[in-house]
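Protein chains in written order, with numbering that gives the first Met the number 0: chain A, 0 to 123; chain B, 0 to 123.
Below is one structure, written out as structure tokens, with a few remarks after it.
2 protein chains.
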Amino acid sequence: MKRRSTPTKEAVLDLLSRRGKAMSQDAIEREIDIDINRATIYRVLNSFCDDGIVHRIVAEDGKQYFAFCINCGENQVPTHHFHFRCTTCKTIECLKEEVHFSLPIGYQVEKVNCILTGTCEDCS
Amino acid sequence: MKRRSTPTKEAVLDLLSRRGKAMSQDAIEREIDIDINRATIYRVLNSFCDDGIVHRIVAEDGKQYFAFCINCGENQVPTHHFHFRCTTCKTIECLKEEVHFSLPIGYQVEKVNCILTGTCEDCS
DNA sequence: TTTATTATTGCAACATAATCGCATTAATAA
DNA sequence: TTATTAATGCGATTATGTTGCAATAATAAA
Ligand SMILES: [Mn+2]
Ligand SMILES: [Mn+2]
Ligand SMILES: [Zn+2]
Ligand SMILES: [Zn+2]
Chain A
0 MKRRSTPTKE AVLDLLSRRG KAMSQDAIER EIDIDINRAT IYRVLNSFCD DGIVHRIVAE
60 DGKQYFAFCI NCGENQVPTH HFHFRCTTCK TIECLKEEVH FSLPIGYQVE KVNCILTGTC
120 EDCS
Chain B
0 MKRRSTPTKE AVLDLLSRRG KAMSQDAIER EIDIDINRAT IYRVLNSFCD DGIVHRIVAE
60 DGKQYFAFCI NCGENQVPTH HFHFRCTTCK TIECLKEEVH FSLPIGYQVE KVNCILTGTC
120 EDCS
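Below you can see the structure in the form of structure tokens.
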């Protein structure tokens, strides 16, 4: 399915890259300039994830957050990083800190989802 | 609020400890012998979490899983561990592997939720 | 044992997150 | 300019989890 460029996609991607933080669907719908339907936002975000332009983070609040990929490397081995969710300013940011782990023999990892929750510097 | 011992609580806790793996509400309802209302299961699980008898894991499938605490130490400093979710047998298990990280100055962590998803040994 | 207190439970309603079917619109190729 | 089909809006639907309330039952008090 060949992708097409639309105002909606551009606006969402632009917002995510400018924010520099991961955003949830409702935050995007709230903070974006144009009116975009909820289902459409999800579809756009999911396609971005499929294309490796954005990565998805599921927080312990049960919501999905989406972050513009910067060092998520497409060809290179994806180096997983921690995420920090501030319960005060309700943002999620990608941390530099990488996730290191070793698994028991026979286990195969496909996804890594690591989130630290608490209060960020600005809110402390 | 003083806690009371009931057949429901005992059955849920017994199932969790026997399974040795984290279970979701629907899995518990499905695999437990007696009939327990959905809301009740959640209430029981939440109270177990409050009491530190069980710990909660939110997976990237957006669901909550509950695991009987073994080394989650009540008094001792809680040492966070990784969790592994097998998409084949649909189970989540606590790994021995501890989670290590260092945060930027000013950040304060309250919760740690780290999940690796893939295929477990049995299902490989 | 009997009675009183109130934690626990079931049930229905509610809240929220996310997805899906379908008709319409519009980006892009022909 | 026309044809093709990806993208969108809208309403309905599914899924997870919580909450209010009346009924039930565990435990303390008499
Ligand atoms: Mn990230
Ligand atoms: Mn665990
Ligand atoms: Zn903050
Ligand atoms: Zn498995």
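A virtual CB, placed ideally from N, CA and C, is assigned to each residue, including glycine.
Asked                                                                                                                                                            : Found
To test your reading of the DSSP string, which unbroken alpha helix (DSSP H) runs of 4 or more residues are found completely within the stretch 8-43 of chain A? : 24-30
Anything in the stretch 78-91 of chain A with a Cβ closer than 7 Å to a Cβ of chain B? List those residues in chain order, please.                               : Phe81 and Phe83
Output yes or no for whether 8 Å exceeds the beta carbon distance between Ile114/A and His82/A.                                                                  : yes
Taking just the CA atoms, how far does Val111/B sit from Ala10/A?                                                                                                : 33 Å
Which residue comes first and which comes last in the beta strand (DSSP E) that contains Glu109/A?                                                               : Gln107 to Thr118
Can you pull every residue whose C-beta falls closer than 7 Å to some heavy atom of ligand 4, listed in chain order?                                             : Cys85/B, Thr87/B, Cys88/B, Thr90/B, Thr118/B, Cys119/B, Asp121/B and Cys122/B
Within the 8 Å Cβ cut-off, does Val53/B reach chain A?                                                                                                           : no
Give the single residue among Asp50/B, Leu44/B, Asp32/B and Arg29/B whose Cα lies nearest to the Cα of Met0/B.                                                   : Asp50/B
Could you list the residues in the stretch 103-120 of chain A with a C-beta less than 9 Å from some C-beta on chain B, going in chain order?                     : Pro103, Ile104, Gly105, Tyr106, Gln107, Val108, Glu109, Lys110, Val111, Asn112, Cys113, Ile114, Leu115, Thr116, Gly117, Thr118, Cys119 and Glu120
Check the Cβ-Cβ distances between Glu28/B and every residue of chain A, and say whether any is below 8 Å.                                                        : no
So Gly61/A contacts chain B; which residues on that side make the cut at Cβ distance below 9 Å?                                                                  : Val57, Gly61, Lys62 and Gln63
Between Glu30/B and Leu14/B, how many whole angstroms is the CB-CB distance? I'm expecting something under 8 Å.                                                  : 7 Å
Could you say which of Asn36/B, Ala26/B and Lys20/B lies nearest to Pro6/B if we only look at CA atoms?                                                          : Asn36/B
At the level of alpha carbons, what is the spacing between Ile40/B and Tyr41/A?                                                                                  : 31 Å
I need the straight-line Cα distance from Lys62/B to Phe65/A, nearest angstrom please.                                                                           : 18 Å
Give a yes or no on whether the minimum CB-CB distance between Phe67/A and chain B is below 8 Å.                                                                 : no
Who does Arg84/B pair with in a DSSP beta bridge?                                                                                                                : Ile91/B and Thr116/B
Who are the near neighbours of Leu44/B in its chain, counting only those whose CB is closer than 6 Å to its CB and skipping five residues on each side?          : Phe65
Please classify His99/B as buried or exposed, where buried requires at least 16 neighbouring CB atoms within 10 angstroms.                                       : exposed
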